[in-house]
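Quick notes on the structure that follows.
There are 6 protein chains.
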Amino acid sequence: MAYTSEPWVEPPIQAVHEAVRRALEEDVLPIGDLSAALVAESARARFAFVSRRDGVVAGSRCAIEAFAVCDPRVEVDWLRPDASRVSAGDQLALVGGPLAPILTAERTALNFLCHLSGIATLTRSFVDAVRAVSPETRVLDTRKTTPGLRALEKAAVRAGGGTNHRGSLSEAVLVKDNHLAGVAITDAVATARRRWPGRMVEVECESLEQVIEATDAGASVVMLDNMKPAQVAECVALIASKGAAGRVLVEVSGGVTIDTAPEFAIAGADLISVGALTHLAPVLDIGLDLLSNGAS
Amino acid sequence: MAYTSEPWVEPPIQAVHEAVRRALEEDVLPIGDLSAALVAESARARFAFVSRRDGVVAGSRCAIEAFAVCDPRVEVDWLRPDASRVSAGDQLALVGGPLAPILTAERTALNFLCHLSGIATLTRSFVDAVRAVSPETRVLDTRKTTPGLRALEKAAVRAGGGTNHRGSLSEAVLVKDNHLAGVAITDAVATARRRWPGRMVEVECESLEQVIEATDAGASVVMLDNMKPAQVAECVALIASKGAAGRVLVEVSGGVTIDTAPEFAIAGADLISVGALTHLAPVLDIGLDLLSNGAS
Amino acid sequence: MAYTSEPWVEPPIQAVHEAVRRALEEDVLPIGDLSAALVAESARARFAFVSRRDGVVAGSRCAIEAFAVCDPRVEVDWLRPDASRVSAGDQLALVGGPLAPILTAERTALNFLCHLSGIATLTRSFVDAVRAVSPETRVLDTRKTTPGLRALEKAAVRAGGGTNHRGSLSEAVLVKDNHLAGVAITDAVATARRRWPGRMVEVECESLEQVIEATDAGASVVMLDNMKPAQVAECVALIASKGAAGRVLVEVSGGVTIDTAPEFAIAGADLISVGALTHLAPVLDIGLDLLSNGAS
Amino acid sequence: MAYTSEPWVEPPIQAVHEAVRRALEEDVLPIGDLSAALVAESARARFAFVSRRDGVVAGSRCAIEAFAVCDPRVEVDWLRPDASRVSAGDQLALVGGPLAPILTAERTALNFLCHLSGIATLTRSFVDAVRAVSPETRVLDTRKTTPGLRALEKAAVRAGGGTNHRGSLSEAVLVKDNHLAGVAITDAVATARRRWPGRMVEVECESLEQVIEATDAGASVVMLDNMKPAQVAECVALIASKGAAGRVLVEVSGGVTIDTAPEFAIAGADLISVGALTHLAPVLDIGLDLLSNGAS
Amino acid sequence: MAYTSEPWVEPPIQAVHEAVRRALEEDVLPIGDLSAALVAESARARFAFVSRRDGVVAGSRCAIEAFAVCDPRVEVDWLRPDASRVSAGDQLALVGGPLAPILTAERTALNFLCHLSGIATLTRSFVDAVRAVSPETRVLDTRKTTPGLRALEKAAVRAGGGTNHRGSLSEAVLVKDNHLAGVAITDAVATARRRWPGRMVEVECESLEQVIEATDAGASVVMLDNMKPAQVAECVALIASKGAAGRVLVEVSGGVTIDTAPEFAIAGADLISVGALTHLAPVLDIGLDLLSNGAS
Amino acid sequence: MAYTSEPWVEPPIQAVHEAVRRALEEDVLPIGDLSAALVAESARARFAFVSRRDGVVAGSRCAIEAFAVCDPRVEVDWLRPDASRVSAGDQLALVGGPLAPILTAERTALNFLCHLSGIATLTRSFVDAVRAVSPETRVLDTRKTTPGLRALEKAAVRAGGGTNHRGSLSEAVLVKDNHLAGVAITDAVATARRRWPGRMVEVECESLEQVIEATDAGASVVMLDNMKPAQVAECVALIASKGAAGRVLVEVSGGVTIDTAPEFAIAGADLISVGALTHLAPVLDIGLDLLSNGAS
């Protein structure tokens, strides 16, 4: 079964331009691609990006851009857009034209594609596991992203069916355990509510008492950190008993695995955030296979 | 047992500056850290970076830089430099000073530290496994690095005891299977030798015939792609029989695992390159634990 | 009466560095400051930044940075931090040291200071006018900021006692009239809610019908565009009648003036957004006055 | 009456590229435009930029570039080039194509257009007022520009019929009051003349004595700071009596208003510099009005 | 006799984009080209780049890019690609289109073209002199390049038939005299060999003893610094006597001139490195001559 | 005889920062300085920059910055500032500290120092030759600078006693032969005068008729292109006969050599511009000599 890509899952084009420019400069300066320059100038070839595993595609814009920058004569026909589910052996895209620039862009394109598709694939598996038991529960990413690639990795999470948590420290309030060294929950929420009307104000809670304090203070999300499913269910019930269900979302966080995620969903979590989506996702193994070659 | 860090394992300071600047801009613009601004201005605290697992440290310069940029008053005492082996529970560094900027830099510092230490840790396990059976065989990285972070990831490989393959397409010649769509091995090596005296000229070989051709053509390294240990041993013997041992290094590549790496080493490989070092390394789990807090 | 500055009103230091670097490059490249180089190398002087009008300070970090970049020997003693109310004739800061670099940095420092203090001053007047009649109503900025200066202008709004609306298109959902050319309110809110749990989902409404639709759909803010105070009061009452008061914030927007803002506050608006804060604020007239001079 | 745009009034294309890139990154990173992504992918629409007030256009290149970067499929038909006088209700340009990217670029385009047209409009009113009484007198801008936007704002001044003073500290010599803390006028002019032949050497004068000193020293422009028209006339007569009319231009500066500018022109000023052109210009109110919409 | 350009001599396109962007910004900001804006908007013209001297072309990509950035309507027909030998009076390229942008880009294009062709021309003369007596000896550049232009200057050396030495400190090991203040040759080579298998490990030698030490230690290149041809021959013989000919390349360096280069080649040097190629090359005098003009 | 440096000859610090950052990134990324990392960590040394030739110093700020960036522990004691005349064998500066970072920064520092001192030295020889016969005649640079280094090269010209012509196309008007394909001299000057009051308006003239036209039109400088000294004297006389001496400066340009420059000065030229200053200056040979070494 294939998913068709929707515009909102794609990364901002500005992030694509910048990241691909940087990656290519990293790989070809100062002298250029010594090896690709060995092939005959007239050599032309057609290749296919082929997935070696089942997975979900992300990063296609970056791959397309890498070829376009190296040589606008390279033609890329992208068959499976971001968010597509693919099976081992599936062709993702066809690439044809002069051989040398294709070889130069190959590794840059693959580095983006494999890394981001790996994130999409892992996200998809969490999302599928959770939706199977609780269609409304969302799987969220975190700020545990690779430095410099946040925009692209957040887009890969969307490609995998996941949901983006805040994009940066500047977007929303999240009071974590280490903040409590300098402020109490009630004060933090009150101040945040006053300063930032309309924004999410979330509090990390490690006990039922903290959940009560955060809820009473007016938090919009409580993040239950490292709790067991039974404890989560208890917190959910507590919030409901206060008539705050819906108004206060319950997020579960901390060491969630593909096995425990559904249990948290069943326990009533609205949101399950998984750092692993971006910082533990294995790459999706994708290769660039030669289809045909000749001379122009 | 601890390793002391050597200067050559550290990343170029230029790469550290640029990557940390970009990561912090990504995380605090445009409004700043909404949450850290909630703590009392007078709040001060001391924290320790603590490893939750056994591993090898990398990325310490990036972590130090992240705090320095956010607030020069934060004091960082780094205990375990890059390349140190650490055990679960070990303190890596102490961080003290005003609470708010510590909270702001925390995630950026951890993102570098966990990602790069993960690479160093995986590298170390490959290096240890290989050295146990063949002290002279080297474990190499590849160009399968995260876009924009090559300099830092290559340094993390060195921190793990690994060896850096070429830094970019511009540094050395490596003729791979896809190049053969446009040039023959003998011609490629001859041209490369003429154009780039002194540089490594490597050829990816999938058969004994290609090994013979590459060796006769004057390659300095043959990369045996996806061969079994027995085939590798055969190639090594062949090269020796040609009196080219030492002059032609043998690199094994393609799907090498921690289990198969020692087998390839025993089979006589000089170099074993492992893409997984940089693109499949799980992060090393490191946390920032509160030691004490108060007000100034 | 003076306000003391709080950390959360200050701009991210990253935005300060970047903007000041750019401004100075713009002003001194390629040859340098021809005029300042005419003064004797030994000349030293002390100056004061003096406000020519009553107002509110913003941009002090930028001013400090401009001198530091031009010559670290220049000493700046900042007396009135961002968010301070000042009267005509008040000294904001003292600047002393070698004369030439002070002259070079003078205009850059003033350009930031006058522009950003102008925004803070205008914001303050709106905030004071509104708070006088409705202490809980907040005055918000918009995305009508000067290109390239959003972070600094949003901080200036905070310095003036104002509240920041979303920092960018990436932060929150705001469905405006032009969006309705491609989606219906109900569908937009439903999709936004599903995709972006926890984020603000706001809808611009031009009629009571749209307010009803947005409220029923689950919007967290309704923006009443170009309505009269009486209409606003009607909408507020409507939302209250649906039991959605508090859950659905009411924002008034569109041509709000210092005279009409209090009327909207009285009518029950929670939020009043004023594009003028950033795009119509007259600069605050500040000068750099010579206090004394001599030779070192 | 309409003015047709001339190439020399347009900003350097390099300044346009850089400023628009920065503005869009500021507005869409890291996640993209959440709201525009809600509209149907097939939605298409036609809009017109419409001026809500009489004014003069500037910034059209920036607006065009903003759409082009967001999506090259958006078509922009610019009707009224920079420097055109427009009346309230006039269409400036037509914009058509896929709805989503038009919405994403809308605010960035308007921010440039309104800000820069505001400068052009205010400049035009000063120029018209001055030319009515003295066709040869020029209205000049200053270095009181918004940090980072000098090139664009100087172009907007030209679009309004104004004249650019020096572009930076590096271009020309201007000895101001604060410089006199470290050098005497005669010495400053002599040194400047020797170092920088051919460049403008200007001296700010606050008295007749200083005008005499500057003229005798060989200044090419005397800037009369905060003088009354009668004093200006006296200075002009003095310079004429020295036979220096034409060789020494007379610039009036300091708090010039639309009312006093003609008086200074009549008094004989060659140049009238007005900081307000760039730092006190109200935005020109321009909107993007929907003309039609549908689906492709 | 003309040489046709080969792809490998061309600079990486990324270096071209960046350098041309910077050069044009340097020349046209903030106000633009005041002089070109004086010509009639309808003026069109055709020009030819004409070499005033015999030489070798380099930098054509930069020249083409300069016109493309200033105005895509300018058409450039490049007749003599990089690496072409040209005679005084030869046309290198034809340039036609609107006059103003051609004038704006002219100097930037010429600055690249004359500087880089100067390098190619000087390189060619060294290469020709050396090849006449020893076809296998290579002429190498050094790291004595103009800051910021290394990639382009290294490409110009290739265009002149020269060979690139290491591109940066990061690529290969070269132990020079000043390094010996901190490490002995034998240790340095051993460490380098262990750390960087496959990379060139070169040692600068000032005596026969050092050559012996370096060769025995396993250096891949010995750089004979400031030796006479007879001493070079002695070193070459020594290396041959050790059976290391071919395995250890002999590089001559230090004050090599067009007269002494052939002597070193005859003496048996494999490589002759010449700092002068990049830091002492006189520009090749090239002009842009008007062919015809008119109005469109 | 030594010249002491004056602040106005130094480059803008912004240009120094940017150029050194770029140069070091070019030289040490991605892996760092492989060779310097071979020396013992404890190794320390003292070096001196020593000139191998008589010359004039420029670029000292860049050299200082290069060491500071690589390691702040390196101490640089600069003895001979920019604009100092030095003799072969003179020490320019002392450098001491940890050996490895000194070696890493060495080539970058020397590349700036040799290149820029070469420009200062050549400039000085022209200036001395001209001043010997005509103390008031100035030697000017041109826009024939190395792309990306204009600010530094213009400063080097000042260090050599030379005078800067316009810094960019944006600063002053210069109508050259190719402009005449699109505008007549009289019209160009009139338009330029009207648009750009106070700025230099210069016209390149190839005949006496053009000199007359330019003078009558009101040019402030006539550039006599490729004329002989006798023709120049004729033009000077002509301008004097029109009573325009002093008002219209006479610049000689085009292939001026050290031999012909004094002849042009005697012929009455006010300004002699010499492209060779920046594009044909041989580097000044400077080395970094070891003074002592040891271990810390």
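Going line by line, the protein sequences match chains A, B, C, D, E and F.
Taking this note's numbering, the leading residue of the first sequence gets 1, the next gets one more, and so forth.
Taking this note's numbering, the leading residue of the second sequence gets 297, the next gets one more, and so forth.
Taking this note's numbering, the leading residue of the third sequence gets 593, the next gets one more, and so forth.
Taking this note's numbering, the leading residue of the fourth sequence gets 889, the next gets one more, and so forth.
Taking this note's numbering, the leading residue of the fifth sequence gets 1185, the next gets one more, and so forth.
Taking this note's numbering, the leading residue of the sixth sequence gets 1481, the next gets one more, and so forth.
Every residue, glycine too, gets a C-beta built ideally from N, C-alpha and C.
Here the structure is a predicted model, which means the values were calculated and not measured.
- Counting only Cβ-Cβ distances below 7 Å, Asn1052/D has contacts in chain E at Ile1215, in chain order.
- Residue environment analysis places Glu1490/F among the buried positions, since at least 16 neighbouring C-beta atoms fall within 10 angstroms of its C-beta.
- If you draw a straight line from the Cα of Arg723/C to the Cα of Gly838/C, it comes to about 19 Å.
- Taken in chain order, the members of the stretch 13–28 of chain A whose beta-carbon sits within less than 7 Å of a beta-carbon on chain D are Gln14, Ala15.
- The beta carbons of Arg1026/D and Gly1049/D sit no closer together than 7 Å.
- In terms of Cα proximity to Arg462/B, the closest of Glu1505/F, Leu1751/F, Leu1509/F, Ala1699/F is Leu1509/F.
- In the three-state scheme derived from DSSP, where H, G and I count as helix and E and B as strand, Thr1051/D is classed as strand.
- Residues of chain B whose Cβ lies closer than 7 Å to the Cβ of Ser117/A do not exist; the shortest such Cβ separation is about 12 Å.
- Non-local beta-carbon contacts of Glu1290/E in its own chain, meaning distances under 6 Å to residues more than five positions away in sequence, involve Leu1472 in chain order.
- Put simply, the CB of Leu1276/E is far from chain F, with every gap to its CB atoms at 7 Å or more.
- In this structure, the beta-carbon distance from Ala362/B to Val316/B falls below 7 Å.
- The contact set of Val544/B on chain E, defined by CB atoms closer than 7 Å, is empty, because the minimum CB distance reaches about 11 Å.
- Only those residues of the stretch 1342–1373 of chain E whose C-beta falls short of 8 Å from the nearest C-beta of chain A are listed: Asn1348, Gly1351, Ser1352.
- Taken through DSSP and simplified to helix, strand or coil, Asn885/C comes out as strand.
- Taken atom to atom, the span from the alpha-carbon of Asp1238/E to that of Val1357/E is near 37 Å.
- In the DSSP assignment, Leu277/A falls within the alpha helix (DSSP H) that extends over 276–279.
- Only residues of its own chain outside the window of five on either side were considered, and among them Arg1026, Leu1028 have a CB closer than 6 Å to the CB of Thr1051/D, listed in chain order.
- For Leu982/D, the CB contacts under 6 Å within the same chain, skipping 5 residues up- and downstream, are Ala936, Asp965 in chain order.
- Note on geometry: alpha-carbon atoms of Thr104/A and Leu520/B lie some 21 Å from one another.
- Going by DSSP, Ala43/A is part of the beta strand (DSSP E) stretching over 43–51.
- Boundaries of the beta strand (DSSP E) harbouring Asp1557/F: 1555–1558, taken from the DSSP string.
- As computed with DSSP, Gly1576/F is found in a beta bridge with Arg1526/F, Glu1555/F.
- The stretch 912–926 of chain D makes no contact with the stretch 1143–1153 of chain D, as fewer than three CB pairs between them are under 8 Å.
- Between Pro821/C and chain B, the shortest Cβ-Cβ separation is not below 7 Å.
- Taking the Cα positions, Val813/C is about 9 Å away from Glu796/C.
- In this structure, Ala151/A lies away from Pro7/A, with their beta-carbon atoms at least 7 Å apart.
- Within the stretch 726–781 of chain C, the complete alpha helix (DSSP H) segments at least 4 residues long are 742–751, listed from N- to C-terminus.
- At a cut-off of 7 Å between C-beta atoms, Asn1114/D does not count as an interface residue with respect to chain C.
- DSSP, reduced to helix, strand and coil, places Ala1725/F within a strand of the structure shown.
- Ranking Ala782/C, Lys768/C, Ala773/C by CA distance to the CA of Asn818/C puts Lys768/C first.
- Per DSSP, the beta-bridge partners of Cys501/B are Leu520/B.
- Under the 7 Å criterion on CB atoms, Glu1225/E is classed as interfacial with respect to chain D.
- At least one C-beta of chain D is nearer than 7 Å to the C-beta of Lys154/A.
- Assigned with DSSP and collapsed to three states, Glu657/C falls in helix.
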